[in-house]
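Novice:
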Amino acid sequence: MASSKSNKFYQTLLETRLTALQSQDETNADSRDTVILDQTSVGRLSRMDAMQQQAMAKATRQNRTTEISAIKNALLRLEEGEYGYCETCGEDIPAKRLELTPTAVRCVNCAN
């Protein structure tokens, strides 16, 4: 991969994103609660809407968890000196790809 200067850039980029995701996770903790509705005043469509919102919040949490895991994996690869190399072919992953997707583990050719 490249120099320690570029590694520091990617490390900062990844750590900033990780902090933001973890902060969002803590902020949205209340969306994990079970939907409790007053059955006497809420109609069927309102219940369905609440359940849909809860399902969307669950999917968002799952996506966030997946991204957090990918970021932690990228930070580990940085520590081990494996960051920026394709897991499949071993070639360098282009800097532009890493800037757009800092968690990328494959070059464009192997990703397709």
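Residue numbers for the sequence shown follow our numbering, so the first one is 1456 and each next one is one higher.
Beta carbons are placed, not taken as given, at the ideal position from N, Cα and C, and that holds for glycine.
Please read these numbers as outputs of a predicted model, since none were measured by experiment.
#1: With a threshold of 16 other CB atoms inside 10 Å of the CB of G1545, please say whether the residue is buried or exposed.
#2: My output table needs one value for Y1538: the three-state DSSP class, helix, strand or coil.
#3: Look at the Cβ atom of I1526, then the Cβ atom of R1561, and state whether they are nearer than 8 Å.
#4: The alpha helix (DSSP H) with C1565 in it runs from where to where?
#5: Taking the alpha-carbon positions, what's the T1467 to T1474 distance?
#6: Would you kindly work out how many angstroms separate the C-alpha atoms of R1552 and A1559, rounded to a whole number?
Specialist: Once the coordinates are examined:
#1: On the sequence shown, position 90 is the one that residue 1545 refers to. By the neighbour-count criterion, in which a residue is buried when 16 or more other Cβ atoms sit within 10 angstroms of its Cβ, G1545 is exposed.
#2: If you number the sequence shown from 1, residue 1538 lands on position 83. Reduced to three states, the DSSP call for Y1538 is coil.
#3: The residue you call residue 1526 lines up with position 71 of the sequence shown. The residue you call residue 1561 lines up with position 106 of the sequence shown. No, Cβ-Cβ distance for I1526 and R1561 is not below 8 Å.
#4: For this step, residue 1565 is matched to residue 110 along the sequence shown. Element bounds for C1565: 1563–1566.
#5: In the sequence shown, counting from the first residue as 1, residue 1467 sits at position 12. In the sequence shown, counting from the first residue as 1, residue 1474 sits at position 19. Roughly 10 Å between the two C-alpha positions.
#6: The residue labelled residue 1552 in the question sits at position 97 within the sequence shown. The residue labelled residue 1559 in the question sits at position 104 within the sequence shown. Their Cα atoms are separated by approximately 8 Å.
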